[in-house]
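Only one structure is covered here, and it is reproduced in the block below.
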Amino acid sequence: MKLAVLASGKGTNLQAVIDAIKDGTLEEASISWVVSDNPSAGAIERANRSGINVILVKKHKMTEVLRPVFEEVDLVILAGFLKIIPDELLNIKPIINIHPSLLPLFGGKGMFGVKVQEEVINSGMKVTGPTVHLVTGDIDGGPIVMQKCMEVRDDDTPSTLQERIHELEHEILIESIKRISKRKYKIMGRKVVFS
Ligand code: GRF
């Protein structure tokens, strides 16, 4: 299964995919392209270190640059990619996104980075966790592939929460790629059901 990973930030989720391919957890997967909109993204460094092709994309060139990438691969992974995927690219291949909250809570426009964890703490919720979902035109609103729950501790700060959620993100991202790659799933309303 050929993957494209799109990332704007540190790239720890990208690294989790790279590591899972290296250690055989993700059998028969390979990353064909890493795409970023941020020239100083840690994700680019990580891709370079692993010898993966990198493409830098500008906002007004998204469709032109991403179309051939999406056509080439089997699965597109948004791993902290901060640009919206143009509508005309949404139905070429399955696209998954990892989000650091239990969607549909704390998602949507402007909900990224530490802001999500600030809102979770302010809400008083006792549990949180990451979500992997299919990408549709509805920001953070596509059918849910996988979620995992963890406790919000009384002494958590947005950054401690962010750090712990990241560990779970890596787990469910890899597991989601595995499940999606078997291609035995259907979309039932707002969720993805695997057989
Ligand atoms: C993660 O928190 C992910 O949920 C969100 O962006 C962040 C990316 O982190 N979409 P990293 O760059 O993979 O470390």
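First residue of the sequence shown: 380, per the numbering used here; consecutive thereafter. Every residue, glycine too, gets a C-beta built ideally from N, C-alpha and C.
Rounded C-alpha distance that separates residue i from residue j
{"i": "Val514", "j": "Asp534", "result": "33 Å"}
{"i": "Leu547", "j": "Pro509", "result": "7 Å"}
{"i": "Tyr564", "j": "Met380", "result": "16 Å"}
{"i": "Met441", "j": "Ile456", "result": "15 Å"}
{"i": "Val436", "j": "Lys389", "result": "17 Å"}
{"i": "Ile559", "j": "Glu498", "result": "30 Å"}
{"i": "Gln403", "j": "Gly430", "result": "In the sequence as displayed, the identity of residue 403 is Gly instead of Gln. Going by the C-alpha atoms only, they are around 18 Å apart."}
Residue i: CB within 6 Å of a non-hydrogen atom of ligand 1
{"i": "Ile397", "result": "no"}
{"i": "Thr391", "result": "yes"}
{"i": "Pro418", "result": "no"}
{"i": "Ala458", "result": "yes"}
{"i": "Gly388", "result": "yes"}
{"i": "Pro479", "result": "yes"}
{"i": "Glu548", "result": "yes"}
Limits of the unbroken alpha helix (DSSP H) element including residue i
{"i": "Ile477", "result": "Taken as a continuous stretch (DSSP letters only), Ile477 belongs to no alpha helix (DSSP H), being part of the beta strand (DSSP E) at 474-478."}
{"i": "Ala399", "result": "391-401"}
{"i": "Phe449", "result": "441-451"}
Delimiting residues of the beta strand (DSSP E) encompassing residue i
{"i": "Val409", "result": "The residue you asked about is not Val; residue 409 is Ser in the sequence shown. It spans 409-415 - the beta strand (DSSP E) in which Ser409 sits, taken as one unbroken run."}
{"i": "Ile456", "result": "454-457"}
Item to check | contact_flag[the region 457-468, the region 397-405] where n(CB pairs < 8 Å) is 3 or more | outcome: no
Checklist entry - With a cut-off of 8 Å, do at least 3 Cβ pairs link the region 398-412 to the region 439-454? => result yes
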